[in-house]
Amino acid sequence: MKDLMTKSTWDRPYAVQSWGSMAAALFCSIVFFAAYGGTAWWVQYYPRPDGQIATDSISFGLFRMCIRGDCVIDMTNRHIVKYFLLPELTRPALHDLPACQWLMSFNVLFIIILFFVYLGFLAGAKTYRAEVWLQLLICVLILVSVSIFGAKFQGNQKNLPFGWSFWLAVVAGVLFLLNAIVVAFISTSVHKKDKLSPMRLYVQET
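Using the numbering used here, you'd call the opening residue of the sequence shown number -10 and step up by one each time.
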């Protein structure tokens, strides 16, 4: 890593913005993994006698269900899911939740690849386009996943039954999208600057 960091990455055009996008991608990934492993994608809300809103004793995320704060129930076990979930949630949990699990799990792989791409940036390679496309892909998979979950698990409740893990996933998708846009801007600007560099113009004239 020390050898990578001694490369002239700080001497490139838009170096500060490029390093900032890498830090932003790290932050996006932290938000993503908090949502990915969270246990509050679905939460039952109900009004308390004092007028406040409280949550029921059952909540679940992509992979675990919590009952009274005990989060040990495996959401990939079809028999357990059928036993503990409400009847109206059983069908989407068995037929639609696996799609969300797979889509979000693919993103784990793409995030790992993304940071190998950033290592290439530290080594001096121009990896902007790969950074853009990977983050756009991650964004799309996140938003498709939360869309499926939101459509199938909303039910007929007055209050949206989604907890902090679900909304963190939405935030992660939006952040990856914004970071991809920033990197696309950097890529376009660097490409234009390279085309107008004196050395390239000299080579073209000769």
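All C-beta atoms, glycine included, are put in the ideal place defined by N, C-alpha and C.
How would you call residue i, buried or exposed, if buried means at least 16 neighbouring beta carbons within 10 angstroms?
{"i": "Tyr25", "result": "buried"}
{"i": "Pro150", "result": "buried"}
{"i": "Pro81", "result": "buried"}
{"i": "Phe21", "result": "buried"}
CA-CA distance, residue i and residue j?
{"i": "Ile19", "j": "Ala29", "result": "17 Å"}
{"i": "Phe155", "j": "Ser48", "result": "12 Å"}
{"i": "Ala13", "j": "Tyr72", "result": "41 Å"}
{"i": "Leu190", "j": "Val179", "result": "Note that Leu190 scores a pLDDT of 40, beneath 50, so its modelled location is shaky; the value from the coordinates is reported in the next line. About 15 Å."}
{"i": "Ser136", "j": "Val70", "result": "21 Å"}
{"i": "Met11", "j": "His68", "result": "42 Å"}
{"i": "Leu15", "j": "Asp59", "result": "30 Å"}
{"i": "Leu75", "j": "Ala23", "result": "26 Å"}
{"i": "Ser7", "j": "Gln143", "result": "39 Å"}
{"i": "Ile170", "j": "Arg53", "result": "34 Å"}
{"i": "Phe174", "j": "Val97", "result": "25 Å"}
Looking only at C-alpha atoms, which of the options sits nearest to residue i?
{"i": "Asp63", "options": "Gly27, Pro76, Val159", "result": "Gly27"}
{"i": "Phe104", "options": "Tyr117, Leu92, Arg80", "result": "Tyr117"}
{"i": "Val5", "options": "Thr79, Val106, Gly58, Leu111", "result": "Leu111"}
{"i": "Phe138", "options": "Val97, Ala114, Leu126, Met93", "result": "Met93"}
{"i": "Tyr107", "options": "Val172, Gly152, His68", "result": "Val172"}
{"i": "Glu77", "options": "Lys141, His68, Phe21", "result": "Lys141"}
{"i": "Leu86", "options": "Ile56, Asn66, Phe99", "result": "Asn66"}
{"i": "Pro51", "options": "Leu157, Ser7, Ile170", "result": "First, the residue type needs correcting, since residue 51 is Leu and not Pro in the sequence shown. Of the listed residues, the one whose Cα sits closest to Leu51 is Leu157."}
Can you give me the Cβ contacts of residue i inside the same chain, cut-off strictly under 6 Å, excluding the 5 residues immediately before and after it?
{"i": "Cys128", "result": "Gly162, Phe165, Leu166"}
{"i": "Ser134", "result": "Cys89, Leu92, Met93"}
{"i": "Gly109", "result": "Thr116"}
{"i": "Leu132", "result": "Gly162"}
{"i": "Thr79", "result": "Lys71"}
Going by the CB atoms, is the gap between residue j and residue i shorter than 8 Å?
{"i": "Val61", "j": "Gly152", "result": "no"}
{"i": "Leu126", "j": "Phe99", "result": "yes"}
{"i": "Ile101", "j": "Leu123", "result": "no"}
{"i": "Asn168", "j": "Cys17", "result": "yes"}
If you drop the 5 nearest sequence neighbours on each side, which residues of the same chain put their C-beta closer than 7 Å to that of residue i?
{"i": "Ser176", "result": "Tyr117, Arg118, Val121"}
{"i": "Val159", "result": "Val135"}
{"i": "Gly9", "result": "none"}
Under 8 Å Cβ to Cβ from residue i, same chain only, skipping five residues before and after it: list those, please.
{"i": "Phe95", "result": "Leu130"}
{"i": "Leu83", "result": "Arg67, Val70, Lys71"}
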